[in-house]
Amino acid sequence: MHSPEKYLEVPLDFSPEKMNNSFAEFKQDYPEFETTHILDELRDLEYARLDWHDQIYLDYTGGGLYANSQLLKHMELLRCNVFGNPHSENPTSIAMTKLVERARIKILSFFNASPDEYVAIFTPNATGALRLVGEAYPFEKGDRYLLTADNHNSVNGIRVFAESKGASVSYIPMISSELRVDEEKLEFYLDQARPERNNLFAYPAQSNFSGVQHPLDWIEKARKKNWDVLLDSAAFVPTNRLDLSLWHPDFVSISFYKIFGYPTGLGCLIVRKDALNKLKRPWFSGGTISIVSVQKENWYCLHQSAEAFEAFEDGTVNYLSIPALEIGLKHIEGIGVDVIHKRVMCLTGWLLDKMQSLEYPNGQAIVKIHGPSGLERRGGIIAFNLYHADGTPFDCQTVQEAANKAGISLRTGCFCNPGDGEVSHNITRKEMASCFENLKPSSRYPYGSDCKNQESCLAVKTKMSSIRVSLGLVTNFSDVYRFMNFLQGLMYEPEIRVLKAEKVKRRVFLNRGP
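Those letters in the sequence shown? Residues 0 to 513, per numbering that gives the first Met the number 0, in order.
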């Protein structure tokens, strides 16, 4: 138990009474913030529920927030029309098909992707888009699957398809100081591609763990060396512009709810048409075939029409929700991705600086940032851990519970990104090996195993745990300032902070501040 008394002399620099002064200083340091005032008006008009419920939402990488008008426009469209399954040719089906195809065109337009080069394929989510690539990419013995160590598990999982077909799998390591890719190793691995083989290189435009943004010019560098490039853009595109007329990855995974909150259950694979022709589907389903017979097992033909997506959209797409994508994309266009980016980076810069300024009287830092300490080549995601005055770490679950009681939405764990988690917490190969001793073949996964060493796994997962805050569309200064007030309060003790948070919330912060 860490005695709280020793911390009581710490001044509350982020007290509620000082917020307006701090906001004025912030605007002096980040004058470009003033050009984003449309987002404050938007928050009052479209996202007022945040302040009605006094919520500090800092989990935009987990999920974006929807505007009131998005819901109203979508519900009005459904209320005033009759729509049928687009796999038919009746009036209601034709009406629905037009809206589905209009949304498909809007997606390409939003990312400035030429319809002559790219096609958009609807999937259940970004993971579904990645799985589609993994299961259909023509891996064979002698082929290569190369990926950076900071990929999301949905990208890591493609290695199961690669290994099962005899392809080699290689990870490009991270440099621990800022969780960036070792670019010397990147060059080394890119040079290993065999011209006559299939080579797939996957990396995130932005790490969902650390916020690190990797250079998009890797795309052309890799393609020139005979790599097909899979770009995971799920964490990047909510606050950054992805222009597919400048960059030409072969495959791009998209999550729409991370951009504008609604609807969930819809993702997209944007794919170059020549890369799509390379994919070989391992099965067929309703919606993907032109003809099939039950009289012989290999009598089936996938769609070969000019509409290449038809062979890759399994079953009936989520057609009643798809029109909401066009509504959401227009909503973001009306604001401007560049405006969102500018605001997020201003607030992220301030937050990084203030988090790293917190110290106990003995000089011990409270916060350790995992990833870049400044704004260079990073986004609005901050992963970190908290420490007591004696240098021992806070239990992340305790911080999560304290944040919950203070009305703060953040995330703890390793965020489905084991590579960044292992590097940032110095998890050794020996420690990881303890989780995989005495493995038994899984009854559920033909290429995986059931973990029998639950105690070892729990110990490693606990050590790998971090805290993550992520800024987004309608984050304002009050959100980040109040979060700093929360962190400062944790210097006392989480239990004390919970009481303080309730008092502060009711007395001072409610309906106050910028």
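Glycine included, C-beta positions come from ideal geometry on N, C-alpha and C.
May I ask you to report which of helix, strand or coil DSSP gives L230?
The residue you call residue 230 lines up with position 231 of the sequence shown. Three-state DSSP puts L230 in a strand.
Measuring alpha carbon to alpha carbon, tell me which residue in T60, A94, L77 is nearest P85.
Start at 1 with the first residue of the sequence shown, and residue 85 comes out as number 86. Among T60, A94, L77, the Cα nearest to that of P85 belongs to A94.
Find the nearest neighbour of Y188 within the set D216, W226, G133, judged by alpha-carbon distance.
Reading the sequence shown from its first residue, position 189 is the one you call residue 188. Nearest option by C-alpha distance: W226.
Around the Cβ of P214, are there at least 16 other Cβ atoms within 10 angstroms (buried) or fewer (exposed)?
Start at 1 with the first residue of the sequence shown, and residue 214 comes out as number 215. That one is exposed.
Would you decide whether H52 is buried or exposed? Buried here means 16 or more other CB atoms lie within 10 Å of its CB.
Locating residue 52 in the sequence shown gives position 53, where the first residue counts as 1. It counts as exposed.
Taking the alpha-carbon of G83 as reference, which of C415, R179, Y318, V236 has the nearest alpha-carbon?
The residue labelled residue 83 in the question sits at position 84 within the sequence shown. Among C415, R179, Y318, V236, the Cα nearest to that of G83 is on Y318.
Give the DSSP bridge partners of I106, in chain order.
In the sequence shown, residue 106 corresponds to position 107, counting from 1. Note: I106 sits in no beta bridge, so no partner.
Going by beta-carbon coordinates alone, are L472 and Y144 separated by less than 8 Å?
Within the sequence shown, numbered from 1, the residue matching residue 472 stands at position 473. Within the sequence shown, numbered from 1, the residue matching residue 144 stands at position 145. Result no, Cβ atoms of L472 and Y144 do not sit closer than 8 Å.
Hey, V180 and I157: beta-carbon distance below 8 Å or not?
The count along the sequence shown starts at 1 and reaches residue 180 at position 181. The count along the sequence shown starts at 1 and reaches residue 157 at position 158. Result no, Cβ atoms of V180 and I157 do not sit closer than 8 Å.
From the DSSP output, read off the bridge partner residues of F121.
Walking along the sequence shown from the start, residue 121 turns up at place 122. Answer is C267.
State yes or no: is the C-beta of K105 within less than 8 Å of the C-beta of E325?
Counted from its first residue, the sequence shown places residue 105 at position 106. Counted from its first residue, the sequence shown places residue 325 at position 326. Yes, the Cβ-Cβ distance between K105 and E325 is below 8 Å.
Near F13, which residues of its chain fall below 6 Å by C-beta distance, leaving aside the five closest residues on each side in sequence?
Counting from 1 along the sequence shown, the entry for residue 13 is found at position 14. Here the set comprises M483, N484, Q487.
Starting from L357, follow the beta strand (DSSP E) in both directions and report where the run begins and ends.
Within the sequence shown, the letter at position 358 stands for residue 357. First-last for L357: undefined, no H or E at that position.
Please classify A364: does DSSP put it in a helix, a strand, or coil?
Working through the sequence shown from its first residue, we reach residue 364 at position 365. Note: A364 maps to strand in three-state DSSP.
Between which residues of its own chain and R101 is the CB-CB distance below 7 Å, once the five residues before and five after are set aside?
Looking up residue 101 in the sequence shown gives position 102. Closer than 7 Å at Cβ, skipping near neighbours: E325.
Measure the beta-carbon distance from C267 to F476 and round it to whole angstroms, keeping in mind my assumption that it falls under 8 Å.
Position 268 of the sequence shown, counting from 1, holds the residue named residue 267. Position 477 of the sequence shown, counting from 1, holds the residue named residue 476. Rounded, the Cβ-Cβ distance is 33 Å, inconsistent with contact.
Mark N207 as exposed unless 16 or more other C-beta atoms lie within 10 angstroms of its C-beta, in which case mark it buried.
Against the sequence shown, residue 207 aligns to sequence position 208. It is buried - the Cβ of N207 has at least 16 other Cβ atoms within 10 Å.
Going by DSSP, what residue range makes up the alpha helix (DSSP H) through Y532?
Outside the shown range of the chain, which is 0 to 513, sits residue 532, and nothing can be said about it.
When you compare only the Cα positions, how much space is there between T91 and K272?
Taking the first residue of the sequence shown as position 1, residue 91 is located at position 92. Taking the first residue of the sequence shown as position 1, residue 272 is located at position 273. Whole-angstrom Cα-Cα distance: 30 Å.
Which residues in the same chain as A305 place their Cβ atom closer than 8 Å to its Cβ, once the five residues preceding and following it in sequence are excluded?
To locate residue 305, count along the sequence shown from 1; it is residue 306. Reliability of the predicted coordinates at A305 is poor, the pLDDT of 48 falling under 50, and no value is obtained from them.
Taking contact to mean at least 3 C-beta pairs separated by less than 8 Å, is the region 149-168 in contact with the region 194-210?
A contact exists between the region 149-168 and the region 194-210.
State the beta-bridge partners of G412 as determined by DSSP.
By one-based count along the sequence shown, residue 412 stands at place 413. Note: G412 sits in a beta bridge opposite S465.
I'd like to know if the region 454-466 and the region 333-343 are in contact, where contact means that at least 3 CB-CB pairs between them fall below 8 Å.
No contact exists between the region 454-466 and the region 333-343.
Taking all protein chains shown into account, decide if I174 is buried (16 or more other Cβ within 10 angstroms of its Cβ) or exposed.
As a first step, residue 174 is located in the sequence shown; it is residue number 175 there, counting from the start. Counting Cβ neighbours within 10 Å, I174 comes out exposed, since fewer than 16 surround it.
Distance check for R78 and N416, CA to CA, integer angstroms please.
Taking the first residue of the sequence shown as position 1, residue 416 is located at position 417. Taking the first residue of the sequence shown as position 1, residue 78 is located at position 79. Distance between the alpha carbons of N416 and R78: 41 Å.
Would you please state the rounded distance, in angstroms, between the beta carbons of A307 and L275? I believe it to be under 8 Å.
Here residue 307 refers to the residue found at position 308 when the sequence shown is read from its first residue. Here residue 275 refers to the residue found at position 276 when the sequence shown is read from its first residue. Contact holds; Cβ gap of about 5 Å.
Can you give the beta carbon distance from Q69 to H369, rounded, assuming they're within the 8 Å contact cut?
For the purposes of this step, residue 69 is taken as residue 70 along the sequence shown, with counting starting at 1. For the purposes of this step, residue 369 is taken as residue 370 along the sequence shown, with counting starting at 1. Wrong, their Cβ atoms sit about 34 Å apart, outside the cutoff.
Mind checking N297: buried by the 16 CB within 10 Å criterion, or exposed?
Residue numbering aside, residue 297 sits at position 298 when the sequence shown is read from its first letter. Label assigned to N297: exposed.
Which word fits A323, buried or exposed, when buried means at least 16 other C-beta atoms lie within 10 angstroms of its C-beta?
In the sequence shown, counting from the first residue as 1, residue 323 sits at position 324. Looking at its Cβ environment, which holds 16 or more other Cβ atoms inside 10 Å, A323 is buried.
Please state the DSSP three-state secondary structure of M173.
In the sequence shown, residue 173 corresponds to position 174, counting from 1. Correct three-state label for M173: strand.
Using a 10 Å radius around the Cβ and a threshold of 16 neighbouring Cβ atoms, would you call F435 buried or exposed?
In the sequence shown, the residue the question calls residue 435 occupies position 436. Exposed: under 16 other Cβ atoms inside 10 Å.
Using a Cβ-Cβ cut-off of 8 Å (strictly less than) and excluding sequence neighbours within five positions of E219, which residues of its own chain qualify?
By 1-based counting over the sequence shown, the position of residue 219 is 220. Correct list, in chain order: W246, H247.
Which two residues bound the contiguous beta strand (DSSP E) that contains F200?
Start at 1 with the first residue of the sequence shown, and residue 200 comes out as number 201. Per DSSP, F200 belongs to the beta strand (DSSP E) from 198-203.
Near N111, which residues of its chain fall below 6 Å by C-beta distance, leaving aside the five closest residues on each side in sequence?
On the sequence shown, position 112 is the one that residue 111 refers to. Counting only Cβ-Cβ distances below 6 Å, and skipping sequence neighbours, we find D242, L243, S244.
Taking CB distances under 8 Å as the criterion, tell me whether P281 reaches chain B.
Among the chains in the structure shown there is no chain B, since it carries only a single protein chain.
How about I258 and V236: are their beta carbons less than 8 Å apart?
Residue numbering aside, residue 258 sits at position 259 when the sequence shown is read from its first letter. Residue numbering aside, residue 236 sits at position 237 when the sequence shown is read from its first letter. Contact: yes.
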